[in-house]
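Per this note's numbering, the sequence shown starts with residue 11, numbered consecutively.
Beta carbons: idealized from backbone N, C-alpha and C, even for Gly.
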Amino acid sequence: MSDHEIPGRVRRAFGDHKSFEQVDDRTFESVTTPFDGVVSVSTQESGHVEFDVEVRVPMLSAVVADDVAEIVEDGWYETFELRIEDVNGVIAGSHDLDPDVRRVGEEAVVQTTFVDINERRGVDDAGAVIDYVEGTYVEGIIPGYEYTEPVTSILSRARDAAGTGF
11 MSDHEIPGRV RRAFGDHKSF EQVDDRTFES VTTPFDGVVS VSTQESGHVE FDVEVRVPML
71 SAVVADDVAE IVEDGWYETF ELRIEDVNGV IAGSHDLDPD VRRVGEEAVV QTTFVDINER
131 RGVDDAGAVI DYVEGTYVEG IIPGYEYTEP VTSILSRARD AAGTGF
């Protein structure tokens, strides 16, 4: 099967998951995060499905109203990068993920790829990776800055979920 012929079982797994919308023949976009989370899939002759997950999050300086010192931004990024390495703790499959984190302009881009024979577990793991990146990003929010979108919405949702009204 070629990269462009995704089996119905894979499309159904993404559709049933409810966290993704299909963008094109082999690309699915996360609809549960304010960040750009995309999963591209291809199939192998063995029937295994390759999941290529990419999540783009804004750098700290892109979401604060004030200036951020370069040393603060660099430290924030290094911490984010280190925390992303722990992504294997949130997946169900036996993959040994080795995420690539890089700075691209005003974004940090996280990318990882894995293969699974079980498309539902693979979709779950792809969603878990995207959720983990969002959670890791939120952990890195530094108090004392005036944040802009999407951080203000994320913080508001977190306060609402926690039942606090500040």
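Alpha-carbon spacing of residue i relative to residue j, whole angstroms
i: M69; j: P153; result: 15 angstroms
i: T37; j: F30; result: 10 angstroms
i: V143; j: P160; result: 14 angstroms
i: V48; j: E39; result: 4 angstroms
i: F24; j: Q32; result: 8 angstroms
i: H74; j: Y155; result: Residue 74 is actually Val in this sequence, not His. If you take the alpha carbons of V74 and Y155, they lie about 6 angstroms apart.
i: D170; j: E15; result: 42 angstroms
i: M11; j: E149; result: In this predicted model, M11 has a pLDDT of only 41, less than 50, meaning its place in the structure is not dependable; the value taken from the coordinates is given anyway. Cα to Cα, M11 sits roughly 41 angstroms from E149.
i: V20; j: A102; result: 17 angstroms
i: E83; j: D77; result: 10 angstroms
i: W86; j: E80; result: 10 angstroms
i: D13; j: D96; result: Confidence is the limiting factor: at D13 the pLDDT is only 46, short of 50, which leaves the residue's position unreliable, though a coordinate-based value still follows. C-alpha separation (whole angstroms): 30 angstroms.
i: T43; j: D35; result: 22 angstroms
i: Q54; j: F45; result: 29 angstroms
i: S56; j: V65; result: 27 angstroms
i: R22; j: T123; result: 20 angstroms
i: F176; j: A72; result: Confidence at F176 is low in this model, with a pLDDT of 47, below 50, so the placement of that residue should be treated as unreliable; the coordinate-derived value is given next. F176 and A72: Cα-Cα distance of roughly 24 angstroms.
i: L107; j: N98; result: 6 angstroms
Bounding residues of the alpha helix (DSSP H) (the contiguous stretch that carries residue i)
i: D135; result: 129-149
Integer Cβ distance of residue i from residue j, believed to fall under 8 angstroms
i: V2; j: V120; result: What the structure shows of the chain is the stretch from 11 to 176, and residue 2 is not part of that stretch, so it cannot be assessed.
i: D135; j: H105; result: 7 angstroms
i: F90; j: Y147; result: 7 angstroms
i: H27; j: I127; result: Not quite, the Cβ-Cβ distance comes to about 17 angstroms (not below 8 angstroms), so this is no contact.
i: V41; j: A118; result: With 8 angstroms as the limit, V41 and A118 do not qualify as a contact, their Cβ atoms being about 21 angstroms apart.
Closest by C-alpha distance to residue i, when choosing among the options
i: S52; options: P109, E129, K28, V100; result: E129
i: V63; options: W86, Y157, T158, A138; result: A138
i: V125; options: S50, G18, H27; result: S50
i: V133; options: G18, N98, F61; result: F61
i: R189; options: R167, G145, E116; result: This structure cannot speak to residue 189, because the chain is shown only from 11 to 176.
Opening and closing residue of the beta strand (DSSP E) in which residue i lies
i: E64; result: 59-68
i: A102; result: No beta strand (DSSP E) holds A102; DSSP gives it neither H nor E.
4 or more residues per run - each alpha helix (DSSP H) lying fully within the stretch 13-51: 18-27
Length at least 4, wholly inside the stretch 148-172: the alpha helix (DSSP H) runs in chain order: 161-172
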